[in-house]
Every structure is written in structure tokens, then in C-alpha cells.
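Engineer:
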Amino acid sequence: MMSNADPQELAKFSDLAHRWWDPDSEFRPLHQINPLRLEWIDALVRLAGKSVLDVGCGGGILADAMARRGASVLGIDLAAKPLRVAQLHALEAQTSGVEYREVSAEALAEERPQSYDVITCMEMLEHVPDPSAIVDACARLTKPGGWLFFSTINRNPKAFLFAIVGAEHVLKLLPKGTHEYARFIRPSELAQWCRTAGLSPGEMRGMEYNPLIRRYSLTHDTSVNYLMAWRKAP
Numbered sequence: 000m001m002s003n004a005d006p007q008e009l010a011k012f013s014d015l016a017h018r019w020w021d022p023d024s025e026f027r028p029l030h031q032i033n034p035l036r037l038e039w040i041d042a043l044v045r046l047a048g049k050s051v052l053d054v055g056c057g058g059g060i061l062a063d064a065m066a067r068r069g070a071s072v073l074g075i076d077l078a079a080k081p082l083r084v085a086q087l088h089a090l091e092a093q094t095s096g097v098e099y100r101e102v103s104a105e106a107l108a109e110e111r112p113q114s115y116d117v118i119t120c121m122e123m124l125e126h127v128p129d130p131s132a133i134v135d136a137c138a139r140l141t142k143p144g145g146w147l148f149f150s151t152i153n154r155n156p157k158a159f160l161f162a163i164v165g166a167e168h169v170l171k172l173l174p175k176g177t178h179e180y181a182r183f184i185r186p187s188e189l190a191q192w193c194r195t196a197g198l199s200p201g202e203m204r205g206m207e208y209n210p211l212i213r214r215y216s217l218t219h220d221t222s223v224n225y226l227m228a229w230r231k232a233p
């Protein structure tokens with residue numbers, strides 16, 4: 000099922016696939032925020048022993064880290080080159096408990112409904128044509144009582160200034176063109192999709208970057224980057 004994918008977005012990340020695990024590459028921000036995401040998720044769900052699905056896993060930075068916490072992880076993506084990089088890294092790093100598949104969330108929801116204790120979909124919703132369909136598929140893939148984690152970028156003038164002008168053009172944290180402002184998602188929009196999918200709210204956090212010390216942190220300011228945790232009814 001390729002309908003809910005943008006070929007230009009897939010190509011963008013495929014072209015950089017060989018640099019995914021270089022902590023000083025274009026993916027440096029993902030490496031820097033990964034410990035924050037991992038600790039927040041693990042604190043809420045205790046990953047050890049859980050079955051986890053990472054939707055839009057890319058090169059596997061988060062999927063690999065969750066497997067190292069003792070989870071059984073499947074990472075899925077529609078970009079073949081980053082998936083091959085993820086698979087190669089798992090072999091080289093001898094990471095057990097993680098596998099990768101080239102399949103859409105919608106297709107997997109038909110194949111494996113209510114199969115996962117935890118779903119993560121991080122920094123991905125703003126790159127697809129229909130993010131609400133991804134949220135719905137994630138809800139269908141989650142076991143009753145399971146947790147879902149989403150992260151994306153707010154849509155407002157501050158987010159445009161910080162996430163595009165600042166991150167891509169001034170600080171050059173990301174390649175130019177990484178994000179498109181029109182695809183940013185307000186928390187109220189994401190919350191509506193989650194409620195429509197039958198989910199209940201858990202926690203919400205913001206994420207900020209301090210350019211002086213070059214460090215990210217989780218905060219309560221959700222005006223730019225934010226993370227949401229939701230739960231499926233038992």
C-alpha cells in the first residue's frame with residue numbers, strides 16, 4: 000500500500016541512507032534526541048518484554064535502542080535504502096530482538112491487528128500525505144491497553160521560525176527542504192485524530208534545542224516540537 004506515501008519524501012531520506020548512523024551527519028539531531036525519546040517512552044511503559052512496532056523507523060535509531068532495552072521490536076518503513084541500513088547496523092552491532100520490514104502501517108494493520116503492546120511513530124507524521132490514516136492504522140495495530148507514542152512539529156509562526164528558518168537555514172541542523180510548513184500538525188489536530196481512533200490521552204511533552212550548549216531537552220513548551228502518549232482502552 001503506497002498510496003499514503005510521498006515519493007519525494009521517500010527519495011529524500013533514501014539518498015542520505017548511508018549516513019544514517021553517522022552521529023555527525025544530517026541525522027545528528029535524531030541521535031541527540033534519541034536518548035530523550037527512549038527514556039520518556041521507557042518510563043511510561045517499561046519496554047523490557049514488550050512487543051513494539053516502530054512506524055517510519057528509517058535507519059533504525061529508535062528501534063535499535065528500544066530492542067537494547069529488552070523489547071521485541073519490528074521497524075517498518077516504505078523507504079528501502081534506510082531499511083537496509085537498519086538491517087546492516089543490527090547485524091554489525093549484534094542487536095537482538097529487532098527486525099525490519101518494508102510495509103505500510105495501513106497494510107500491517109490489516110495483517111496484524113491488535114498485535115503490539117507499544118507503537119512509536121516519531122518525526123514521521125509531517126512527511127506523509129494523510130497523517131490521520133497513519134494514526135488510525137497505529138490504533139488498530141495496538142493491543143487493548145497498549146500505548147502509542149507520536150512526535151511531530153506544531154504549525155504556527157514560531158514553529159516556522161525555529162524548525163525551518165532556524166534549524167535548516169541558520170543553524171544548519173537539518174538539510175534545507177527537510178520540512179514543509181504546510182504539513183506541520185497542531186496538537187489539537189493530532190489529538191482529534193487520536194480520539195477519533197478511540198484512544199485516550201496520556202502525557203504530552205515539548206522538545207527544545209539550546210543552540211548555546213547544543214543540547215536538546217524535554218519541556219512543557221509544545222509550541223514547536225512536541226511528543227504525545229496515548230492509550231488504547233483495555
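Taking numbering that gives the first Met the number 0, I'd label the letters of the sequence shown as residues 0 to 233. Cβ coordinates follow ideal geometry from the N, Cα and C atoms, glycine included.
Just verifying my parser: in three-state terms, what is the DSSP assignment at P200?
Structural biologist: Numbered from 1 along the sequence shown, position 201 holds the residue referred to as residue 200. Three-state DSSP puts P200 in a strand.
Engineer: Given that a residue counts as buried once 16 or more other Cβ atoms are within 10 Å of its Cβ, and exposed if not, what is H126?
Structural biologist: Translated into the one-based positions of the sequence shown, residue 126 becomes position 127. Buried, because 16 or more other Cβ atoms sit within 10 Å of the Cβ of H126.
Engineer: If you check the beta carbons only, do A75 and A104 fall under 8 Å apart?
Structural biologist: Locating residue 75 in the sequence shown gives position 76, where the first residue counts as 1. Locating residue 104 in the sequence shown gives position 105, where the first residue counts as 1. In the sequence on display, residue 75 carries Ile and not Ala. Yes, the pair counts as a contact, with Cβ atoms nearer than the cut-off.
Engineer: With DSSP as the reference, label L293 as helix, strand or coil.
Structural biologist: This structure leaves residue 293 out entirely; the chain is present only between 0 and 233.
Engineer: Name the two residues that bound the continuous alpha helix (DSSP H) containing W192.
Structural biologist: As a working mapping, residue 192 is identified with position 193 in the sequence shown. 186 to 195 is the extent of the alpha helix (DSSP H) around W192.
Engineer: Who are the Cβ neighbours of I32 in its own chain at under 6 Å, not counting the five residues just before and after it?
Structural biologist: To locate residue 32, count along the sequence shown from 1; it is residue 33. Y215.
Engineer: Under three-state DSSP, which class holds R18?
Structural biologist: Position 19 of the sequence shown, counted from the start, is the residue given in the question as residue 18. Correct three-state label for R18: helix.
Engineer: Excluding the 5 residues flanking L22 on each side, which residues of the same chain have their C-beta closer than 7 Å to its C-beta?
Structural biologist: By 1-based counting over the sequence shown, the position of residue 22 is 23. In the sequence on display, residue 22 carries Pro and not Leu. The residues are H30.
Engineer: What's the C-alpha gap between R185 and S131?
Structural biologist: Locating residue 185 in the sequence shown gives position 186, where the first residue counts as 1. Locating residue 131 in the sequence shown gives position 132, where the first residue counts as 1. In a straight line, the C-alpha of R185 is about 12 Å away from that of S131.
Engineer: Which whole runs of the beta strand (DSSP E) in the stretch 105 to 142 are 3 residues long or more, in chain order?
Structural biologist: With a minimum length of 3 residues, the continuous beta strand (DSSP E) runs that stay inside the stretch 105 to 142 are 115 to 121.
Engineer: To which residues does DSSP link G74 through a beta bridge?
Structural biologist: Sequence index remark: in the sequence shown, residue 74 carries index 75 (1-based). Its beta-bridge partners are D53, Y99.
Engineer: Would you tell me roughly how many angstroms separate the C-alpha atoms of I133 and I152, rounded to the nearest one?
Structural biologist: As a position in the sequence shown, residue 133 is number 134, starting the count at 1. As a position in the sequence shown, residue 152 is number 153, starting the count at 1. So the two alpha carbons sit approximately 16 Å from each other.
Engineer: In angstroms with no decimal places, state the Cα-to-Cα distance between W229 and H168.
Structural biologist: In the sequence shown, the residue the question calls residue 229 occupies position 230. In the sequence shown, the residue the question calls residue 168 occupies position 169. In a straight line, the C-alpha of W229 is about 33 Å away from that of H168.
Engineer: Where does G58 sit, in a helix, a strand or coil, going by DSSP?
Structural biologist: Numbered from its first residue, the sequence shown carries residue 58 at position 59. Correct three-state label for G58: coil.
Engineer: Assign K49 to one of two classes, buried (16 or more other C-beta atoms within 10 Å of its C-beta) or exposed (fewer than that).
Structural biologist: Walking along the sequence shown from the start, residue 49 turns up at place 50. Under this definition K49 is a buried residue.
Engineer: Taking the C-alpha atoms as reference points, what is the distance between D5 and I212?
Structural biologist: Your numbering for residue 5 matches position 6 in the sequence shown. Your numbering for residue 212 matches position 213 in the sequence shown. Taking the straight line joining both Cα atoms gives about 35 Å.
Engineer: Output needed for L37: all residues of its chain with C-beta closer than 6 Å, excluding positions within five of it in sequence on either side, in chain order.
Structural biologist: Sequence index remark: in the sequence shown, residue 37 carries index 38 (1-based). Contacts found: A64.
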